[in-house]
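Undergrad:
Okay, here's the thing in structure tokens:
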């Protein structure tokens with residue numbers, strides 16, 4: 053699947069002028085499922101994609117447990133340890149319903165628009181998992197139900213109420229929604245006649261001879277180890293294609309990778325508009 057996206061010009065950012073700063077980026081999805089997205093981006097720059105990566109990791113809001121009030125805990129773990137584990141349980145996030153506490157009309161005191169109540173009541177013997185958390189909102193539930201919280205033996209019990217809210221990764225790691233990495237798009241150039249013998253050296257087995265050229269059959273799997281170039285230093289040259297990149301997003305379950313990518317663009321767009329407004 054391939055799409056072309058025009059970048060924003062000056063008028064889109066609230067600035068008028070005779071000159072336009074418009075270019076076209078081409079995005080192609082290579083692999084996609086509920087938690088993973090691999091894509092190529094052409095017509096961009098290292099700085100731009102790194103900005104999107106940093107915003108995705110540190111400024112896209114997601115839901116996590118912030119406070120826990122224990123009624124009973126006779127397990128072997130202290131309340132603080134269990135609360136820490138609960139904070140790291142990824143919760144499916146509904147950005148249309150909830151607001152960040154500092155953007156809510158209640159001033160962050162905790163209302164239905166910026167916070168959510170959860171509870172758990174379990175008795176042993178059993179392994180208590182995240183899937184046993186009862187949420188007031190059926191759309192906001194643990195993304196990984198089998199995630200263990202604690203183990204209860206016979207006659208042991210745990211009971212608590214918890215409050216979750218939106219937050220961003222730059223404030224706490226429990227609000228980091230994903231892993232996001234990217235690298236340059238690789239290209240092999242044949243500069244000698246002995247390049248064919250380098251194919252078997254590749255640990256990923258992604259090199260193939262096509263005519264008199266050595267091609268990379270799956271560039272997204274190339275980790276630029278340069279084993280092929282080291283085996284044939286006078287026959288091959290590994291280089292990057294300028295302005296073309298391979299990106300990979302792995303979500304922890306709060307949001308789908310596509311949502312994270314789109315939300316990061318919205319956050320960046322908002323910052324750019326505020327920047328232009330401040331210049332006026």
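Residue numbers (the working numbering): 53 to 332. Cβ atoms here follow ideal geometry from the backbone N, Cα and C, with glycine treated the same way. From a predicted model like this one, the values you see are computed outputs, not experimental measurements.
(1) Mind the definition here: the region 222-234 touches the region 102-116 only if three or more C-beta pairs lie below 8 Å; say whether that holds.
(2) Reducing DSSP to helix, strand and coil, say where residue 149 ends up.
(3) Between which two residues does the alpha helix (DSSP H) holding residue 131 run?
(4) Determine which residues share a DSSP beta bridge with residue 234 and list them.
(5) Does DSSP classify residue 286 as helix, strand or coil?
(6) Please identify the residue among 329, 317, 330 and 327 whose C-alpha is closest to the C-alpha of residue 100.
(7) Grouping DSSP H, G and I as helix and E and B as strand, with all else coil, what is residue 322?
(8) How is residue 87 classed by DSSP in three states: helix, strand or coil?
(9) Here's the rule: buried if 16 or more other CB atoms are within 10 angstroms of the residue's CB, otherwise exposed. What is residue 287?
(10) Pull the bridge partners of residue 92 from the DSSP assignment, please.
(11) Quick one: grab the DSSP three-state call for residue 199.
(12) Buried or exposed: where does residue 164 fall if 16 or more other Cβ atoms within 10 Å of its Cβ makes it buried?
(13) Which word fits residue 257, buried or exposed, when buried means at least 16 other C-beta atoms lie within 10 angstroms of its C-beta?
(14) Under a three-way DSSP split, which group does residue 116 fall into?
(15) Work out the CA separation of residue 90 and residue 216 for me, nearest whole Å.
(16) The alpha helix (DSSP H) spanning residue 276 covers which residue range?
(17) If you drop the 5 nearest sequence neighbours on each side, which residues of the same chain put their C-beta closer than 8 Å to that of residue 156?
(18) Which first and last residues belong to the alpha helix (DSSP H) in which residue 98 is found?
(19) The beta strand (DSSP E) spanning residue 227 covers which residue range?
(20) Please work out which residues of its chain come closer than 7 Å, Cβ to Cβ, to residue 196, disregarding the five sequence neighbours upstream and downstream, and give them in chain order.
(21) Exposed or buried, which one is residue 308 when buried takes at least 16 other CB atoms within 10 Å?
(22) Decide if residue 73 is buried, meaning its Cβ has at least 16 other Cβ atoms within 10 Å, or exposed.
(23) Among 244, 105, 214 and 178, which has the Cα closest to the Cα of residue 289?
(24) Alpha carbon to alpha carbon, what distance is there between residue 284 and residue 251?
(25) What do you get for residue 291, buried or exposed, if any count of 16 or more other CB atoms within 10 angstroms of its CB means buried?
TA: Taking the definition as stated:
(1) yes
(2) Taking the first residue of the chain shown as 1, we reach residue 149 at position 97. Coil, per DSSP.
(3) Counted from its first residue, the chain shown places residue 131 at position 79. Unbroken alpha helix (DSSP H) run through residue 131: 131-139.
(4) Within the chain shown, numbered from 1, the residue matching residue 234 stands at position 182. Answer is 299.
(5) One-based indexing of the chain shown puts residue 286 at position 234. Here residue 286 sits in coil by DSSP.
(6) As a working note, residue 100 is residue 48 in the chain shown. Measuring from the Cα of residue 100, the nearest candidate turns out to be 317.
(7) Sequence index remark: in the chain shown, residue 322 carries index 270 (1-based). Residue 322 falls in the helix class under three-state DSSP.
(8) By one-based count along the chain shown, residue 87 stands at place 35. Coil, per DSSP.
(9) For this step, residue 287 is matched to residue 235 along the chain shown. It counts as buried.
(10) By 1-based counting over the chain shown, the position of residue 92 is 40. 80 and 298, per the DSSP bridge assignment.
(11) The sequence position of residue 199 within the chain shown is 147, counting from 1. Correct three-state label for residue 199: coil.
(12) Within the chain shown, residue 164 is the residue found at index 112, counting from 1. By the 10 Å Cβ count, residue 164 comes out exposed.
(13) Within the chain shown, numbered from 1, the residue matching residue 257 stands at position 205. When all chains shown are included, residue 257 counts as exposed.
(14) Looking up residue 116 in the chain shown gives position 64. Residue 116: strand per DSSP, three-state reduction.
(15) On the chain shown, position 164 is the one that residue 216 refers to. On the chain shown, position 38 is the one that residue 90 refers to. Those two C-alpha atoms are separated by around 30 Å.
(16) Start at 1 with the first residue of the chain shown, and residue 276 comes out as number 224. Unbroken run through residue 276: none, as it is neither H nor E.
(17) Taking the chain shown and counting its residues from 1, one reaches residue 156 at position 104. The answer, listed in chain order, is 163, 165 and 166.
(18) Looking up residue 98 in the chain shown gives position 46. Segment 98-110, the alpha helix (DSSP H) holding residue 98.
(19) Position 175 of the chain shown holds residue 227. Per DSSP, residue 227 belongs to no beta strand (DSSP E) and is neither H nor E.
(20) As a first step, residue 196 is located in the chain shown; it is residue number 144 there, counting from the start. Cβ neighbours of residue 196 beyond the five flanking positions: 142, 182 and 305.
(21) Translated into the one-based positions of the chain shown, residue 308 becomes position 256. Residue 308 should be labelled buried.
(22) Within the chain shown, the letter at position 21 stands for residue 73. Here the model assigns residue 73 a pLDDT of 48, short of 50, so the residue's position is not dependable, and the following value carries that caveat. Classification of residue 73: exposed, given that the 10 Å Cβ count is below 16.
(23) Against the chain shown, residue 289 aligns to sequence position 237. When each option's Cα is compared against that of residue 289, the closest is 244.
(24) For the purposes of this step, residue 251 is taken as residue 199 along the chain shown, with counting starting at 1. For the purposes of this step, residue 284 is taken as residue 232 along the chain shown, with counting starting at 1. Each residue's alpha carbon lies about 10 Å from the other.
(25) Counting from 1 along the chain shown, the entry for residue 291 is found at position 239. Residue 291 is exposed by the Cβ-count criterion.
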